[in-house]
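Below is one structure; the comments refer to it alone.
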Amino acid sequence: MAFAAAALALLPVATIGVTALADTGTLWSHVLANILPQAAWNTGVLLLGTGIIATCVGTGAAWLVSAYDFRGRGVLEWALLLPLAVPTYIMAYAYLDVLSPLGPIQGAIRWVLGYSSPREFRLPDIRAMWGAILVFGFVLYPYVYLTTRAMFLTQAANLVEVSRTLGVGRSGVFWRVALPLARPAIAVGVSLVLMEALNDVGAAQFLGIRTLTASVYTTWIVRTDLAGAAQIAIAMLVVVIALIVFERWARRNQRFAASAQRARPMPPRRLGGFKGLGVFALGFLPILIGFVGPAIYLAVAALRRIEFAGLSPALIRATINTVSVSAIATAVVLVLGFTIAYAARIEPGRKTSIAARIATLGYAVPGTVLAIGILIPLAAFDRTLDGLMRDWFGISTGLLLLGSGAALVYAYTARFLAISAGGIDAGLSRIPTSYDHAARTLGQSATGTLLRVHLPLSRTALTAAGLLVFVDCMKELPATLLLRPLNFESLATLLYGEAARGTYEDAALAALIIVVIGILPVVLLARTGRTDR
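In my numbering, the protein residues as written are 16 to 548.
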């Protein structure tokens, strides 16, 4: 079963490779000359800018709450995770309206300066590369914050004290001791940031940035050129592989940074008065930009929409569709994730390790690439089955998998299997193998040990993994846009369509629902952080 799960995750990637190697005439030369250069350049600039902002904001915030003790520090520790609840496309959608020439911020600035019209004064248009970089950076920095803060909290106090006795100032401790030791953790967080930025399609299109992901979508949907989209998808896979290699390279000496595992943790320095207030304000700024501002806008716009027209039937249907498909996908992901983790436990070795690595490959693959890799084999299966049923029974099955939503469940499963397998494996690793031996000596079979020992003891890990997968399925936009059945709208696609038409208030309620549900895993992460500490 573990190898079957690995094969399901590997199939889309293999399909992309085979499709890209097929003879498409002059198509590849056209893609290489007219689409890839600009899309690759925009993607590279976006990833570079996003990585810099996420690194600076995430690392700086982690150092503030780890090295200093000030009023409000406990609030910042968990509130700095809140931007994780806001998908990038919702952030872009919110700020497009808030920062528009007729929006509240520019209106307030003109009122203060004495101007009466956008013709007299207007801010630069956010529909530009700088706007996309800011949006991605302030939404995705918590990935760097999480990993780096965990590293700062485990750094030994004696390292800081020795550096101080050798004449290093307080700022030097950060630059010469803490930061070099945290470099592997920063690399992990940055690689996650860049993969999430590469996966995005909604924010890039809202902000007018032609990235590789957006090029795949437009080439497939607008130009109906599936082969060309597959060619661009191969270029995206090259970028993903480069990111993984970078992350591995940056962590190559991580073993040297683990000596403080059992040491006395670094004590925070107490700050009071204006210094403490200033540090709190500095730490609250990313929360204000990445969560509070968009959340207030969405709440106000949603209330206006409800007062004006109530809850639309389309929103109710989209909510039901989203919850139903996400719940089914979560159940499938949990079963396969537990299968992979349990196989590695009862049959440890190279084979199960390879199967686990392959099965979790989908998380590193952008949703648009997965969608292409899934569409081709499922469409071939649907055509073959329909032909056989017509010949044998005179019945047409039509698009059985693509039309029923099974392709969407498959995409969610391949995309988020890594979250389930990783979380459940961590939970199973905390169960001593002596429990297995004791259960077997008491007469339990392998199945009985699984049902009576492993499942009850790993219930917390299963719940946490299920919650994370469910929320990620609800927020997923690229694969949903490309694989949804006809007349099927999820909350994410409903928001995307309304924002593309410029009817922002109609989409605000869908965005608010996604954000509110997205807070659940943030609360879980915050509780986990306090427990680990």
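All C-beta atoms, glycine included, are put in the ideal place defined by N, C-alpha and C.
*asked:* For I335 and N49, I'd like the C-alpha separation in whole angstroms.
replied: 41 Å
*Between the C-alpha atoms of V538 and L97, what's the straight-line distance to the nearest angstrom?*
If I take the Cα positions, the gap works out to 9 Å.
*Burial state of R502 (16 or more Cβ within 10 Å)*: The amino acid at residue 502 is misidentified as Arg; the sequence shows Asn. Under a 10 Å Cβ-count criterion, N502 is classified as exposed, with fewer than 16 other Cβ atoms of the shown protein chains found around its own Cβ.
*Does DSSP classify R284 as helix, strand or coil?*
strand
*Taking S449 as part of the alpha helix (DSSP H), name the residues at either end of that continuous run.*
448-456
*Since I believe P381 is in contact with L213 (beta carbons under 8 Å), could you give me their beta-carbon distance rounded to a whole number of angstroms?*
6 Å
*So, is W407 buried or exposed, given that buried needs 16 or more other C-beta atoms within 10 angstroms?*
exposed
_Residue nearest to L416 in terms of C-alpha spacing, selected from A342, T399, R430, R86_ = Answer by Cα proximity: T399.
*To the nearest angstrom, how far is it from the Cα of I369 to the Cα of I529?*
35 Å
*asked:* Checking 9 Å against the spacing of the C-beta atoms, do I259 and A379 come in under that value?
replied: yes
*Which whole runs of the beta strand (DSSP E) in the region 469-506 are 3 residues long or more, in chain order?*
Runs found: none.
_Nearest to A359 (by Cα), restricted to the options T448, A257, E135_ = In this structure, T448 is the residue among T448, A257, E135 with its C-alpha nearest to the C-alpha of A359.
*According to DSSP, which residues form a beta bridge with Y83?*
R284
_Straight-line Cα distance separating L390 from I31_ = 10 Å
*Roughly how many whole angstroms lie between the Cα atoms of V350 and I446?*
Each residue's Cα considered, the two are about 19 Å apart.
_Looking at R142: is its Cβ nearer than 9 Å to the Cβ of F261?_
no
*With DSSP collapsed to three states, give me the class of I439.*
Assignment of I439 by DSSP, reduced to helix, strand and coil, places it in the helix class.
_Three-state secondary structure assigned by DSSP to S131_ = DSSP places S131 outside both helix and strand once states are collapsed to three, so it counts as coil.
*asked:* If you measure between the beta carbons of L81 and R164, is that distance less than 9 Å?
replied: The sequence shown places Ser at residue 81, rather than the Leu named in the question. Their beta carbons are under 9 Å apart, which means S81 touches R164 by this criterion.
*Count the C-beta pairs between the region 471-489 and the region 438-445 that are closer than 8 Å, then say yes if the count reaches three, no if not.*
yes
*How is F299 classed by DSSP in three states: helix, strand or coil?*
Under the three-state reduction of DSSP output, F299 falls in the helix class.
_Helix, strand or coil at R142 according to DSSP, with G and I counted as helix_ = coil
*Whether V28 touches G243 by CB criterion (9 Å)*: no
*Which two residues bound the contiguous alpha helix (DSSP H) that contains P116?*
Careful: P116 lies outside any alpha helix (DSSP H) and carries neither H nor E.
*With distances taken between CB atoms, is the gap from G291 to F85 smaller than 9 Å?*
yes
*Can you give the Cα-Cα distance for T464 and M16, rounded to whole angstroms?*
18 Å
*Taking all protein chains shown into account, do 16 or more other C-beta atoms lie within 10 angstroms of the C-beta of I410, making it buried, or fewer, making it exposed?*
exposed
*Reference A394; option with closest CA among T383, G413, P283*: G413
_CB contact check: T180 to chain C, cutoff 9 Å_ = The chain labelled as chain C is not found in the depicted structure, where only one protein chain is given.
*Where do the N-terminal and C-terminal ends of the alpha helix (DSSP H) with I224 fall, by residue?*
It is not in any alpha helix (DSSP H) - I224 carries neither H nor E in the DSSP assignment.
_Whole angstroms are fine: how far does the CA of L138 sit from the CA of K366?_
Distance between the alpha carbons of K366 and L138: 58 Å.
*asked:* In this structure, how does DSSP classify L181 when only helix, strand and coil are distinguished?
replied: coil
*Helix, strand or coil: which one does DSSP assign to P27?*
Helix, per DSSP.
_Quick check on the DSSP output: what are the complete alpha helix (DSSP H) runs of length 4 or more inside the region 373-429, in order along the chain?_
382-408
*Do M489 and T337 have their CB atoms nearer than 9 Å?*
yes
*Decide if the region 290-310 is in contact with the region 476-489; the criterion is three or more beta carbon pairs, one per stretch, under 8 Å apart.*
no
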